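In the numbering used here, the protein residues as written are 425 to 759.
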């Protein structure tokens with residue numbers, strides 16, 4: 425309700441003030457827009473005058489956003505008197521923009537535990553010239569070191585079979601070595617020692633990983649992979665000899681309710697032994713083939729003995745199939 429004490433003159437004055445304030449706000453807005461456009465135009469002129477690549481004027485001004493930190497820095501640079509000063513200022517602004525973008529990307533990678541991505545910029549000498557990048561990389565490299573060491577040690581201390589997690593532990597070792605190389609020699613030595621421990625725990629998986637990763641290994645890890653075939657061959661030889669001893673052992677009668685022992689896997693044992701023997705040379709391969717021939721014969725005899733004993737008990741005049749030379753010759757080439 426209109427105040428009855430308000431005179432027409434008061435109402436006109438009030439409306440006039442409101443209109444003036446509105447015009448003032450519009451004027452300030454237009455003034456700010458004109459100032460932004462003037463800043464962008466001045467920046468375009470400066471780029472053009474100093475012979476730097478730039479889009480057509482209208483396109484540049486339309487896309488120019490003074491609110492962006494990089495653009496604001498360039499506008500400030502455009503106040504330089506000489507082109508040499510402007511170029512230097514522009515390069516510094518570009519570097520600062522790159523640093524801001526890189527720091528943001530590093531934060532995203534760290535949040536996803538992708539430290540192998542996060543540490544990549546720490547090898548860039550130009551970016552590392554900025555103090556904020558140095559500080560960020562020091563933090564990120566230590567986080568990366570702790571992250572990969574944790575998973576490698578978890579595998580080494582695990583009570584699960586050695587094959588479980590071996591490939592992932594080795595991959596973590598490769599990523600850890602990349603981080604360690606950016607920190608110092610002591611960290612590299614620790615990483616290589618962890619690799620050696622994985623190789624001793626599971627030489628077979630380590631050999632497979634070294635062969636599959638041959639084209640991507642650092643020189644340090646390539647050197648560490650060199651003795652792995654001999655290490656794997658020694659483990660495969662011990663496995664084959666253990667199967668031989670088990671097959672030679674007297675068969676113990678099973679107790680009531682006792683499950684029979686699983687049959688030894690002679691096929692995979694011989695496959696692995698011949699594979700590593702082939703890597704070590706003709707002598708090792710020949711020895712592996714001899715052992716595997718003996719192992720196959722032992723496995724055959726162990727499997728055939730129940731049928732042979734069953735044939736002997738009734739004192740049959742004929743030999744069991746497993747004793748027939750043609751049958752044996754089908755399994756083994758007899759001289």
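In this text, a Cβ means the ideal position worked out from N, Cα and C, and glycines have one as well. Keep in mind it's a predicted model, so treat the numbers as computed, not measured.
- Task: Starting from residue 578, follow the alpha helix (DSSP H) in both directions and report where the run begins and ends.
- Result: 555 to 580
- C-alpha gap between residue 565 and residue 582, whole angstroms: 26 Å
- Tell me which same chain residues have a C-beta within less than 7 Å of the C-beta of residue 596, skipping the five on either side of it? 572, 575, 576
- Task: Kindly list the residues whose CB is nearer than 8 Å to the CB of residue 635, restricted to its own chain and excluding five residues on each side of it in sequence; keep chain order.
- Result: none
- Cα-Cα, which of 624, 525, 494, 524 is closest to residue 513? 494
- Touching or not, the segment 715 to 725 and the segment 649 to 669, by the rule of three or more beta carbon pairs under 8 Å? yes
- Query: When DSSP labels each residue in this structure, what does residue 517 get in the three-state scheme?
  - Reply: helix
- Item | Close-in-space but distant-in-sequence residues of the same chain around residue 471 (CB under 7 Å, 5 per side omitted) | 478
- Task: Alpha carbon to alpha carbon, how far is residue 651 from residue 539? Give it in angstroms, no decimals.
- Result: 29 Å
- Taking residue 485 as the reference, which of 468, 496, 491, 500 has the closest Cα? 468
- Using the Cα positions of residue 708 and residue 699, report the straight-line distance between them to the nearest angstrom. 10 Å
- the segment 497 to 511 contacting the segment 526 to 540, beta-carbon criterion three pairs below 8 Å: no
- Message: I need the straight-line Cα distance from residue 642 to residue 649, nearest angstrom please.
- Response: 11 Å
- Could you give the DSSP three-state label for residue 549: helix, strand or coil? coil
- Quick one: residues in its chain with C-beta nearer than 8 Å to the C-beta of residue 697, no 5 flanking neighbours on either side, listed in chain order? 657, 660, 661, 663, 664, 712, 715, 716
- Quick one: give me the first and last residue of the alpha helix (DSSP H) that residue 474 is part of. No alpha helix (DSSP H) holds residue 474; DSSP gives it neither H nor E.
- Message: What would DSSP say about residue 637, mapped onto helix, strand or coil?
- Response: coil
- Item | Distance CB(residue 670)-CB(residue 688) smaller than 8 Å | yes
- Task: State the start and end residues of the unbroken alpha helix (DSSP H) segment that holds residue 691.
- Result: 690 to 704
- Task: Enumerate in chain order the residues of its own chain whose CB-to-CB distance from residue 518 is below 8 Å, with the five nearest sequence positions on each side excluded.
- Result: 494
- Based on Cα-Cα distance, which residue from 598, 504, 727, 492 lies nearest to residue 525? 492
- Between 522, 549, 692, 590, which lies nearest to residue 720 when the distance is taken from Cα to Cα? 692
- Sub-8 Å separation of residue 615 and residue 600 beta-carbons: yes
- Message: Going by DSSP in three states, residue 493 sits in which element: helix, strand or coil?
- Response: helix
- State the Cα-Cα distance for the pair residue 490 and residue 474, rounded to the nearest angstrom. 20 Å
- State the DSSP-derived secondary structure class of residue 453, mapped to helix, strand or coil. Low confidence applies here, because residue 453 scores a pLDDT of 35, under 50, leaving its location unreliable; read the following figure in that light. Helix, per DSSP.
- Item | Spatial distance of residue 706 from residue 570 (CA atoms) | 44 Å
- Going by alpha carbons, who is nearest to residue 522 out of 549, 578, 584? 549
- Between residue 761 and residue 481, what straight-line distance do the alpha-carbon atoms span, to the nearest angstrom? Only positions 425 to 759 of the chain appear in this structure, which leaves residue 761 out of reach.
- Whose C-alpha, out of 580, 637, 567, is nearest the C-alpha of residue 603? 567
- Note down the Cα distance separating residue 618 from residue 598, rounded to an integer number of angstroms. 11 Å
- Message: Taking its Cβ as the centre, do 16 or more other Cβ atoms sit within 10 Å of residue 458, making it buried, or is it exposed?
- Response: Interpretation of residue 458 is limited by its pLDDT of 41, a score under 50 that renders its predicted location unreliable; the figure taken from the coordinates is listed afterwards. Per the 10 Å Cβ criterion, exposed.
- Please name the residue in 605, 609, 645, 640 whose C-alpha comes closest to that of residue 543. 605
- Message: Using 8 Å as the threshold, is the C-beta distance between residue 590 and residue 622 below it?
- Response: yes
- Query: Which one of 464, 645, 668, 509 has the shortest CA to CA distance from residue 612?
  - Reply: 645
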